[in-house]
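Residue numbers (our numbering): 3 to 188.
Note that CB positions come from ideal geometry on N, CA and C, so glycine has one too.
Please read the structure below before turning to the comments.
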Ligand code: ADP
Ligand code: MG
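Following this line, the structure appears as structure tokens:
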């Protein structure tokens, strides 16, 4: 079946995380796979960051990053593609949130869209509360980026007192331009 595509491209920001089975390699492979998705072009990716796990489960440190694509995929098709990549990385959804995972791919932003569907909320509902998302996002986002319904990125980041715990990894240098300027190129 053909993957649903739109005529115009939109900038989509993807949050990546892993804390199992060589997390850095999981993220590097996933970024390569994002770049190869149909109707998508990788525009930039952040450094890799080491971050302490959240929540009640004792588990290894996470590696996190953010990538930005231009995409012709619809939001649901893109989310489906992200979940396909998660499955290829051996991600098992056993219902436990906050637990260890080989790969987590979150659709943070899809242009300036705001959506609330059963399996997809845009912008990602937790992103403003997660320094491990905001720090790498700020590295590749244009100055003054607005998170629809949540506020401007700089303000959200300044409000996070856990942001200093997010450590860039020495061999995880970013690629791509300093940040594509328009949020949406529709
Ligand atoms: P989290 O990423 O918050 O740690 P999960 O990866 O387990 O949690 O995702 C839980 C559910 O969140 C998924 O079943 C997915 O359908 C839903 N979801 C809603 N909005 C989004 C989004 N913007 N990006 C990714 N998943 C989302
Ligand atoms: Mg997720």
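- Distance from the CA of residue 150 to the CA of residue 59, rounded to the nearest whole angstrom, comes to 31 angstroms.
- Residue 149 is bridged by DSSP to 153.
- Relative to the ligand MG, the beta carbon of residue 106 is positioned inside 8 angstroms of a heavy atom.
- Under the 8 angstroms Cβ criterion, the segment 108-125 counts as touching the segment 148-167, having at least three qualifying pairs.
- Here the segment 100-119 makes contact with the segment 15-24; the two share three or more CB pairs at distances below 8 angstroms.
- By the Cβ criterion, the segment 20-39 is in contact with the segment 58-72, since at least three pairs of Cβ atoms, one from each stretch, lie closer than 8 angstroms.
- Remark: C-beta atoms of residue 130 and residue 153 approach each other more closely than 9 angstroms.
- Residue 82 carries a helical assignment under DSSP once its states are collapsed to helix, strand and coil.
- Checking the DSSP bridge columns, you'll see residue 75 partnered with 7.
- A residue is called buried once 16 or more other Cβ atoms fall within 10 Å of its Cβ, and residue 120, having fewer, is exposed.
- Here residue 166 carries a helix assignment [DSSP, helix/strand/coil].
- Judged by DSSP secondary structure, residue 140 falls within the alpha helix (DSSP H) whose first and last residues are 133-142.
- Beta bridge pairing from DSSP links residue 108 with 17.
- If you check the CB distance, residue 47 and residue 12 do not come in under 9 angstroms.
- Within its own chain, the residues whose Cβ lies closer than 6 angstroms to the Cβ of residue 5, once the five positions on either side in sequence are excluded, are 40 and 79, listed in chain order.
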